[in-house]
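Asks: The sequence shown begins at 5 in the numbering used here and counts up by one.
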Amino acid sequence: MIELEAGDVQAEVSAVDGGRIARLVIAGFDLLVTSGPSTTPLHWGCYPMVPWAGRLRHGRFEHEGRTIAMPIDMPPNAIHGTGYTSAWEVRDQGIDFVELDVGLEWPLGGRAHQHLQLTPDALVCVLTAIAGHDSMPVTLGWHPWFVKPVSDHLVFDAYYPCDDEQIPTGELAPPPERPWDHCFVGPSLPLELVYANGLRVSVESDCDHWVVYDQRSYATCVEPQSGPPNALDMGRAQVLQPGEMLQRTMTVRWQR
Numbered sequence: 005m006i007e008l009e010a011g012d013v014q015a016e017v018s019a020v021d022g023g024r025i026a027r028l029v030i031a032g033f034d035l036l037v038t039s040g041p042s043t044t045p046l047h048w049g050c051y052p053m054v055p056w057a058g059r060l061r062h063g064r065f066e067h068e069g070r071t072i073a074m075p076i077d078m079p080p081n082a083i084h085g086t087g088y089t090s091a092w093e094v095r096d097q098g099i100d101f102v103e104l105d106v107g108l109e110w111p112l113g114g115r116a117h118q119h120l121q122l123t124p125d126a127l128v129c130v131l132t133a134i135a136g137h138d139s140m141p142v143t144l145g146w147h148p149w150f151v152k153p154v155s156d157h158l159v160f161d162a163y164y165p166c167d168d169e170q171i172p173t174g175e176l177a178p179p180p181e182r183p184w185d186h187c188f189v190g191p192s193l194p195l196e197l198v199y200a201n202g203l204r205v206s207v208e209s210d211c212d213h214w215v216v217y218d219q220r221s222y223a224t225c226v227e228p229q230s231g232p233p234n235a236l237d238m239g240r241a242q243v244l245q246p247g248e249m250l251q252r253t254m255t256v257r258w259q260r
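Below, the structure is given as structure tokens:
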């Protein structure tokens with residue numbers, strides 16, 4: 005486990021568990037759901053989603069005349085890319101930062117890189133996907149499992165309705181009542197979680213899509229993504245030519 009520290013804030017990063025932030029502790033308060041004996045890789049910490057974010061219908065998409073098939077890890081779909089189950093390599097680290105790298109485990113190759121920087125009032129996460137010898141469609145994102153707040157400000161202009169396989173249909177509509185497991189656009193900033201100890205946590209990103217999952221009693225997930233779920237199958241992903249890259253940033257910021 006890689007330990008980072010900035011003032012009274014500590015973070016633990018597990019390179020072998022999908023390059024994820026395993027713990028984020030602010031003045032003794034654990035902000036993230038941590039791993040237990042029966043916890044699956046989907047359900048703890050804060051992990052990068054690459055080379056796609058969210059569900060991929062039946063784990064399949066077409067690219068340049070090829071049918072690409074990925075393992076089904078949330079039947080009947082694939083979900084959240086391959087990075088969150090891969091073992092990442094540590095490229096550099098210091099007391100308050102770490103850089104990680106991984107080869108993407110799918111037929112189109114390429115690599116992903118993370119730079120995680122801890123400060124006394126924020127955690128800045130930069131995720132980059134780089135195409136290899138082949139072009140590749142890609143969406144990027146993060147999946148933080150925040151412990152359940154006492155209140156929040158999660159307001160959006162619109163959401164993507166889903167079909168019976170929880171795949172967006174493509175059109176937009178006014179947001180439904182909660183609880184949610186949906187993708188949204190048009191956030192009313194700041195997107196904020198409030199805790200009983202007075203901690204206020206905001207999630208900022210240059211991503212233009214946000215998935216919110218708040219159906220668990222113990223957690224709320226606020227997930228910035230560079231495109232909607234199933235973007236690779238819908239033709240909504242950015243296509244990188246060989247050697248090109250896509251980079252996005254997420255900042256988790258707190259006030260006490």
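Just so it is clear, CB atoms sit at the ideal spot from N, CA and C, and this is done for glycine as well. On a predicted model such as this, the values are computed, not experimentally measured, just so you know.
1) Take I72 and list the residues in its own chain whose beta-carbon comes closer than 6 Å to its own, dropping the five residues that flank it on each side.
2) Label N274 either buried or exposed according to how many other C-beta atoms from any shown protein chain fall within 10 Å of its C-beta, with 16 as the threshold for buried.
3) Considering only the alpha carbon of each residue, which of V20, I76 and G11 lies closest to L28?
4) For P153 versus V226, is the C-beta distance shorter than 7 Å?
5) With respect to the alpha helix (DSSP H) encompassing P235, which residues constitute its N-terminal and C-terminal limits?
6) If I follow the unbroken beta strand (DSSP E) through V205, where does it start and stop?
7) Restricting to Cα atoms, I'd like to know which of C187, L158, S155 and W146 is closest to P165.
8) Taking only the alpha-carbon atoms, compute the straight-line gap between G113 and P80 and give it to the nearest angstrom.
9) For Y88, which three-state DSSP category applies?
10) Evaluate contact between the stretch 132 to 144 and the stretch 17 to 32, counting only Cβ atoms and requiring at least three cross-stretch pairs below 8 Å.
11) Span of the beta strand (DSSP E) holding W146?
12) To the nearest angstrom, how far is it from the Cα of T38 to the Cα of S221?
13) Which first and last residues belong to the beta strand (DSSP E) in which H213 is found?
14) Nearest to R115 by alpha carbon, out of T173, W56, L36 and W149?
15) Here's a check: name, in chain order, each residue in its chain whose Cβ is nearer than 6 Å to the Cβ of L8, leaving out the five neighbours to either side.
16) Looking at I171 and R283, is the spacing between their C-beta atoms short of 7 Å?
17) Would R182 be called buried (16 or more neighbouring beta carbons within 10 Å of its own) or exposed?
18) On a Cα-Cα basis, can you pick out the residue from T173, V94 and V207 that is closest to G224?
19) Starting from the Cα of G22, find the closest Cα among V13, Y88 and R70 and give me that residue.
20) Where does L193 land, buried or exposed, given buried means 16+ other C-beta within 10 angstroms?
21) Which same chain residues, not among the five before or five after L250, have their C-beta less than 8 Å away from its C-beta?
22) Taking the continuous beta strand (DSSP E) assigned at S39, which residues delimit it?
23) How long is the line joining the alpha carbons of F33 and D167, rounded to whole angstroms?
24) Nearest to A200 by CA position, among M238, D156, D185 and G174, is which residue?
25) On the DSSP bridge list, what partners appear for E16?
26) State the beta-bridge partners of S155 as determined by DSSP.
Replies: A quick look at the data gives this:
1) Take I72, set aside five residues on each side of it, and the residues of its chain with a beta-carbon closer than 6 Å to its own are F65 and P111, in chain order.
2) This structure cannot speak to residue 274, because the chain is shown only from 5 to 260.
3) Of V20, I76 and G11, the residue nearest in Cα terms is G11.
4) Pairing P153 with V226 gives a Cβ-Cβ distance that is not under 7 Å.
5) Just to set this straight, residue 235 is Ala in the shown sequence, not Pro. Residues A235 to M238.
6) Its beta strand (DSSP E) spans residues R204 to S209.
7) Ranking C187, L158, S155 and W146 by Cα distance to P165 puts C187 first.
8) Computed Cα separation, rounded: 24 Å.
9) Three-state result, Y88: helix.
10) Touching, no.
11) Looking at the DSSP string, the run of the beta strand (DSSP E) that includes W146 is G145 to V151.
12) Those two C-alpha atoms are separated by around 15 Å.
13) It spans H213 to Y217 - the beta strand (DSSP E) in which H213 sits, taken as one unbroken run.
14) When only C-alpha atoms are compared, the closest one is W56.
15) The beta carbon of L8 is closer than 6 Å to those of A15, D100 and L122 in its chain, skipping five residues each way along the sequence.
16) Nothing about residue 283 can be read from this structure; the chain reaches only from 5 to 260.
17) Classification for R182: exposed.
18) Strictly speaking, residue 224 in this sequence is Thr, with Gly absent from that position. If we check each option's Cα against that of T224, V207 comes out closest.
19) Comparing Cα positions, the closest option is Y88.
20) Per the 10 Å Cβ criterion, exposed.
21) If the five residues before and after L250 are omitted, its C-beta is found closer than 8 Å to the C-beta atoms of T132, A133, V142, L144, S230, Q242 and L244, all from its own chain and listed in chain order.
22) Where S39 is concerned, there is no enclosing beta strand (DSSP E), because DSSP gives it neither an H nor an E.
23) The C-alpha of F33 lies about 38 Å from the C-alpha of D167.
24) Of the candidates M238, D156, D185 and G174, the one whose C-alpha sits nearest the C-alpha of A200 is D156.
25) Beta-bridge pairing links E16 to E7 and R27.
26) As computed with DSSP, S155 is found in a beta bridge with V198.
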